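S.K.: My questions all concern the structure below.
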Amino acid sequence: MIKTLSNNISFLRAMLYISALVILVVGALTYRSVTEVTKSSEMITHTYKVNVELEQILSYLKDAETGQRGYIITNDSVFLEPYLSARNRINNSFAELKVLTKNTPQLKSKLIDVNTLINKRLIAFKTSYRSLPKKDIEDPNFKSNFRNGKTLMDSIRDQIKGVIKLQNNLLNKRSDEYRSDLMATPLLLFSLLLCSLILIYLAYNSIYKNIKRLKIANEELEIFKESTNQSEIVSKHGSWTWDQNNDVFTFSDNLYRLLGEQPQSFEPTIQNFMQYVHPEDVEQLSQQVENMKKNVELPYIYYRVVHKNGNIKHLKAYGKSIINDEEETVLLGTTADITDEIISFRALEERNLELERNNQELSSFNYVASHDLQEPLRKIQTFLSRLEDEEAEKLSDRGTRYIDRIQNAATRMRLLIDDLLQFSRSNKADKVFEESNINLLLEAAKQDLAEVISAEDAVITSDAFPSMTVIPFQIQQLFVNLLGNAIKYKSEKRSPVINITHQVIEADNDPQITKPTKPFYHKITFTDNGIGFDNEYADQIFVLFSRLHNKDEYSGTGIGLSICKKIIENHKGHIIAKGKPSIGATFIIYLPID
Amino acid sequence: MKYLKTRRFTILILLVITTISLSFNSCDELIKNKDKEKQEQEQKNKSITNNKNEAKLLLMLSKDNHEVIKLSKTLQQIITKDSIADLVKTIEKTHINIAKEFSEVASDKLISIPNYTEVTMQQTIDHDNLNYKIQTLKKLRAKIDNQLYLLEKLSKTTNSKDFQNILSETDSKINKSLNKADNILNNLNTNS
Amino acid sequence: MQEDYINIILADDDEDDRMFFTDAFEDLKMTTKVQTFNDGVYLMDYLNSTEATLPNVLFLDLNMPRKSGLECLQEIKQDPKFKDIAIAIYSTSASEEDIENTFVQGANIYIKKPSSFKKLKKVLSEVVTINWQYHTNNMNKDNFLLRL
Numbered sequence: 001m002i003k004t005l006s007n008n009i010s011f012l013r014a015m016l017y018i019s020a021l022v023i024l025v026v027g028a029l030t031y032r033s034v035t036e037v038t039k040s041s042e043m044i045t046h047t048y049k050v051n052v053e054l055e056q057i058l059s060y061l062k063d064a065e066t067g068q069r070g071y072i073i074t075n076d077s078v079f080l081e082p083y084l085s086a087r088n089r090i091n092n093s094f095a096e097l098k099v100l101t102k103n104t105p106q107l108k109s110k111l112i113d114v115n116t117l118i119n120k121r122l123i124a125f126k127t128s129y130r131s132l133p134k135k136d137i138e139d140p141n142f143k144s145n146f147r148n149g150k151t152l153m154d155s156i157r158d159q160i161k162g163v164i165k166l167q168n169n170l171l172n173k174r175s176d177e178y179r180s181d182l183m184a185t186p187l188l189l190f191s192l193l194l195c196s197l198i199l200i201y202l203a204y205n206s207i208y209k210n211i212k213r214l215k216i217a218n219e220e221l222e223i224f225k226e227s228t229n230q231s232e233i234v235s236k237h238g239s240w241t242w243d244q245n246n247d248v249f250t251f252s253d254n255l256y257r258l259l260g261e262q263p264q265s266f267e268p269t270i271q272n273f274m275q276y277v278h279p280e281d282v283e284q285l286s287q288q289v290e291n292m293k294k295n296v297e298l299p300y301i302y303y304r305v306v307h308k309n310g311n312i313k314h315l316k317a318y319g320k321s322i323i324n325d326e327e328e329t330v331l332l333g334t335t336a337d338i339t340d341e342i343i344s345f346r347a348l349e350e351r352n353l354e355l356e357r358n359n360q361e362l363s364s365f366n367y368v369a370s371h372d373l374q375e376p377l378r379k380i381q382t383f384l385s386r387l388e389d390e391e392a393e394k395l396s397d398r399g400t401r402y403i404d405r406i407q408n409a410a411t412r413m414r415l416l417i418d419d420l421l422q423f424s425r426s427n428k429a430d431k432v433f434e435e436s437n438i439n440l441l442l443e444a445a446k447q448d449l450a451e452v453i454s455a456e457d458a459v460i461t462s463d464a465f466p467s468m469t470v471i472p473f474q475i476q477q478l479f480v481n482l483l484g485n486a487i488k489y490k491s492e493k494r495s496p497v498i499n500i501t502h503q504v505i506e507a508d509n510d511p512q513i514t515k516p517t518k519p520f521y522h523k524i525t526f527t528d529n530g531i532g533f534d535n536e537y538a539d540q541i542f543v544l545f546s547r548l549h550n551k552d553e554y555s556g557t558g559i560g561l562s563i564c565k566k567i568i569e570n571h572k573g574h575i576i577a578k579g580k581p582s583i584g585a586t587f588i589i590y591l592p593i594d
Numbered sequence: 001m002k003y004l005k006t007r008r009f010t011i012l013i014l015l016v017i018t019t020i021s022l023s024f025n026s027c028d029e030l031i032k033n034k035d036k037e038k039q040e041q042e043q044k045n046k047s048i049t050n051n052k053n054e055a056k057l058l059l060m061l062s063k064d065n066h067e068v069i070k071l072s073k074t075l076q077q078i079i080t081k082d083s084i085a086d087l088v089k090t091i092e093k094t095h096i097n098i099a100k101e102f103s104e105v106a107s108d109k110l111i112s113i114p115n116y117t118e119v120t121m122q123q124t125i126d127h128d129n130l131n132y133k134i135q136t137l138k139k140l141r142a143k144i145d146n147q148l149y150l151l152e153k154l155s156k157t158t159n160s161k162d163f164q165n166i167l168s169e170t171d172s173k174i175n176k177s178l179n180k181a182d183n184i185l186n187n188l189n190t191n192s
Numbered sequence: 001m002q003e004d005y006i007n008i009i010l011a012d013d014d015e016d017d018r019m020f021f022t023d024a025f026e027d028l029k030m031t032t033k034v035q036t037f038n039d040g041v042y043l044m045d046y047l048n049s050t051e052a053t054l055p056n057v058l059f060l061d062l063n064m065p066r067k068s069g070l071e072c073l074q075e076i077k078q079d080p081k082f083k084d085i086a087i088a089i090y091s092t093s094a095s096e097e098d099i100e101n102t103f104v105q106g107a108n109i110y111i112k113k114p115s116s117f118k119k120l121k122k123v124l125s126e127v128v129t130i131n132w133q134y135h136t137n138n139m140n141k142d143n144f145l146l147r148l
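What follows is the structure in structure tokens.
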């Protein structure tokens, strides 16, 4: 853009120079042709003057002749007047001619010829007049003289005609020369003017295009400026430039707002700006401003400003120096209001501390649960067992029954504590995902449940699983809990049969997956033939401590499925339960594939 | 930017200066031309009037010259004394010479003057009248004197070198003729 | 030192547990000599004293006041004169963390305190009759925790 414009500017300058040159040439040519026209008209006047004088001379001679004849006929001396003054008049005419023909030597020689002839003619007048005897026109001598006079007159006429002809020839020759010049001049002038017209049009075109382009660019800049202003307001930042050579600052409107002032309400100088800086930060900021002069790129600068109303704002500034076209260093900077960030950061820090404290409390609770709670319970159980073993015969039947009841309660309490521990452990943060063989984990789970499986005669069938990236002990726990659950809630009428299937599905094709994070999921389905449940409880069964059955019928704690849900959540998956009372339950697990 | 600005400024100033000087120059030329033309025209007019005067004076001179020749011829016829007749003859010869010179100059200057050959004798009254002789001589002398006056006038009018030369020459000759004429006049007066 | 006796020491702050422990060995009618200490400080004082009889098997409770079982374990394992003592961790909890730590520190076996006296006797007789030489050579993380 700038480059094409500068190119255009040099083009325009060339146009200007060429046009000026053309106009100068046109002016010079016009001047020349006008002078030539004047000259030729002068020449024509000159020629006509000469011709007129010559004709006059001839007419004087004729007058003289006529006068003489009149005198010869009438013998009246009145007729002689033109003859007497003829010489004088002719001399006057010649005097003029002499000046007129000063610059044409060939004419002069001709004129000398004419002059001698005229002299002869004048003499001839006299001789013929003298030779005239008294009234005798028939005298042969007079006749020959008279005839001689006529021939002289003729030759004078011829001579003068010759001079006029010569004169005209000269004139024609010169005007021919001028005409050829003048013929060429208008054509040249016209073409030159046409040229300059085209040049002017080209220049105009170029200027027009430039202006159009500049206008568009200006509009874009205007829009850009406005949007920058808006974005500065929205993002709470301001920008500034610092021309270091001249020590001139410019502050954007929003920078003033960051200082709590109206836009452009004070002169943008470093001193004025420093008045707003928090007194504790002034020294550090001045130091960094000094650094800005030396370094090209700078680290972030953090400082505080104090508004006139006492508000303290945290600002963060960043500058970068740029060398412009005129070899001047200009620093471009952005200053952002990070007060909100700092406030939220502090709040976050506090929350983190609180969370840490909570976590500590939780882990200490874990410890209490696992150790301190278990210890008295264990002792109760141990003493009970010693009572049963060593003092059984001393107790009555009822006493033995009570001890049995106590033993049951203690066992149940231990179960609860163990499950709770398990649940809180599944919450723990240190989860390590590993590429694991799911088949082995399932085997291990079956191993854990081997006793119950053989006792209940349960049949477990499963697909072969591919390896998955999971937290292995949690997945094993999941299998244990799900299989244990299926066996625990078996139907009275049949021995438990559990079927485990696996397939890979696309997230978009399964409506059960809400808000999928990955395009593909593993789908593992546990189907049993147990007592099942009503679908309206499908969600409720995952809630902690929630049970669908009386604890006398089934010895559940209400924690197992909550642990399962927790584990699946840790894996960013989903678990769904479906059931039909007295037919069976289905648990479906979705695990995302990376 | 600064450099550009100064350059633009200098170009502008140069343009203005050239325009001003050009227009000044052309105006000056125009005025000068007009003056020159006027002067030329004046010069022309002056030289024309000059030429006219020259021609007039030369014509008058040559006419006087003819008159002198004519009178000297007449005197030769009426004067009997040889010595005086010879003197008159030399006057005639001198003036014929002058007439020749005049006609040469005249043809050169494109001035038409009557040829001295045109001078024809009048029918003379042949009587030995002393008074008539003295009268004629006086007429001759007056003509010669008039010639001198015309010569002086012509030499003042003309600025051509040829003319000046001839005029100075002619002047001395005519002066001599005048002296001779005076001598003759004295002679005649004493004789009588 | 009497070779016929198997010297056994238990360090546990719980009085009931110490009682269960000694009662169990009495019931077992084995040729054992059982000593108990109330906490780790007493234990280490005794072991470091000159007249001490070094035990064949040392049972350490983890959670004790003043000096915990884990600290005792570290001290014992640092001192070469105790290198022949087999150390059994005897704790209420069986958390992964404790098992891992004690295994790394060089304990020989981890016993979770059973909740019935019958079971306790069984466990203790098992532990005392282990061929420690063999057990130590084949020890790994899986058989470190005693399962019955």
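Protein chains in written order, with UniProt numbering: chain A, 1 to 594; chain B, 1 to 192; chain C, 1 to 148.
Heads up, the beta-carbon is just placed ideally off N, CA and C, and yes, glycines get one too.
Every value quoted in this text rests on a predicted model; they were computed, and no experiment measured them.
1. Go through its chain and collect everything with a Cβ distance to residue 9/C's Cβ below 6 angstroms, but skip five positions before and after it.
2. With a cut-off of 8 angstroms on the beta carbons, I'd call residue 567/A and residue 436/A a contact; round off their distance for me.
3. With DSSP collapsed to three states, give me the class of residue 120/C.
4. Using a 10 Å radius around the Cβ and a threshold of 16 neighbouring Cβ atoms, would you call residue 67/B buried or exposed?
5. In the DSSP assignment, find the alpha helix (DSSP H) that holds residue 107/C and state where it starts and stops.
6. Could you name the residues of the same chain whose beta carbon sits closer than 7 angstroms to that of residue 111/C, not counting the 5 residues immediately before and after it, in chain order?
7. Just checking, does the stretch 39-54 of chain B make contact with the stretch 143-159 of chain B on the three C-beta pairs under 8 angstroms criterion?
8. Going by C-alpha to C-alpha distance, which of 306/A, 139/A and 288/A sits closest to residue 260/A?
9. Determine the DSSP secondary structure at residue 454/A, reduced to helix, strand or coil.
10. Measure the C-alpha to C-alpha separation of residue 8/B and residue 21/B and round it to an integer number of angstroms.
11. Going by DSSP in three states, residue 159/A sits in which element: helix, strand or coil?
12. Return the first residue and the last residue of the alpha helix (DSSP H) that residue 280/A is part of.
13. Tell me whether residue 2/C sits in a helix, a strand or coil according to DSSP, three-state version.
14. Would you report the Cα separation of residue 100/B and residue 33/A, rounded to the nearest angstrom?
15. Please check if any C-beta of chain B sits within less than 8 angstroms of the C-beta of residue 98/A.
16. With DSSP run on the structure shown, which of helix, strand or coil describes residue 318/A?
17. Given this structure, state the Cα-to-Cα distance separating residue 1/B from residue 326/A, to the nearest angstrom.
18. For residue 144/C, report the span of its alpha helix (DSSP H) as first-last.
19. What is the C-beta distance between residue 27/C and residue 18/C, in whole angstroms, given that I count them as a contact (C-beta under 8 angstroms)?
20. Helix, strand or coil for residue 432/A, going by three-state DSSP, please let me know.
21. Which of the three DSSP states, helix, strand or coil, is assigned to residue 82/A?
22. Less than 8 angstroms between the beta carbons of residue 378/A and residue 67/C, yes or no?
23. Compare the C-alpha of residue 148/A against each of 45/A, 158/A, 453/A and 125/A and name the closest.
24. Across the stretch 569-577 of chain A and the stretch 488-505 of chain A, are there enough close Cβ pairs to call them in contact, namely three or more that are closer than 8 angstroms?
25. Would a check of beta-carbon distances place residue 116/A closer than 8 angstroms to chain B?
26. Would DSSP call residue 469/A helix, strand or coil?
27. Can you tell me whether residue 230/A is buried or exposed, with buried defined as 16 or more other CB within 10 angstroms of its CB?
28. Does chain C have any CB closer than 8 angstroms to the CB of residue 379/A?
29. For residue 545/A, which option in 539/A, 532/A, 559/A and 534/A has the closest C-alpha, if you only look at C-alpha atoms?
30. List the residues of chain A that residue 118/C touches, going by C-beta distances under 7 angstroms, in chain order.
31. Using C-beta distances below 6 angstroms, list every residue in its chain close to residue 591/A, excluding the 5 sequence neighbours before and after it, in chain order.
32. If contact is defined by three or more beta carbon pairs under 8 angstroms, each pair taking one atom from either stretch, is the stretch 160-168 of chain B in contact with the stretch 94-112 of chain B?
33. Determine, using beta carbons only, whether residue 447/A comes closer than 8 angstroms to chain C.
34. Strictly under 8 angstroms for the Cβ-Cβ distance: is residue 115/C near chain A by that measure?
35. When the Cα atoms are used, what is the spatial distance from residue 41/A to residue 151/A?
36. Do residue 40/C and residue 15/C have their C-beta atoms within less than 8 angstroms of each other?
M.R.: Here's the rundown:
1. 35, 55 and 58
2. At roughly 13 angstroms, the Cβ-Cβ gap does not stay under 8 angstroms, so residue 567/A and residue 436/A are not in contact.
3. helix
4. buried
5. Counting along the chain, residue 107/C falls outside any alpha helix (DSSP H), and DSSP gives it neither H nor E.
6. 88, 89, 90, 123, 127 and 146
7. yes
8. 306/A
9. helix
10. 20 angstroms
11. helix
12. Segment: none, residue 280/A is in no alpha helix (DSSP H) and carries neither H nor E.
13. Low confidence applies here, because residue 2/C scores a pLDDT of 44, under 50, leaving its location unreliable and the question unanswered by this model.
14. 52 angstroms
15. yes
16. strand
17. Here residue 1/B scores only 48 on pLDDT, less than 50, and its place in the model should not be relied on; the value that follows carries that caveat. One C-alpha to the other measures close to 8 angstroms.
18. 141-144
19. About 15 angstroms; that fails the 8 angstroms criterion.
20. coil
21. helix
22. no
23. 125/A
24. no
25. yes
26. strand
27. exposed
28. yes
29. 559/A
30. 385 and 389
31. 522, 571 and 573
32. yes
33. no
34. yes
35. 37 angstroms
36. no
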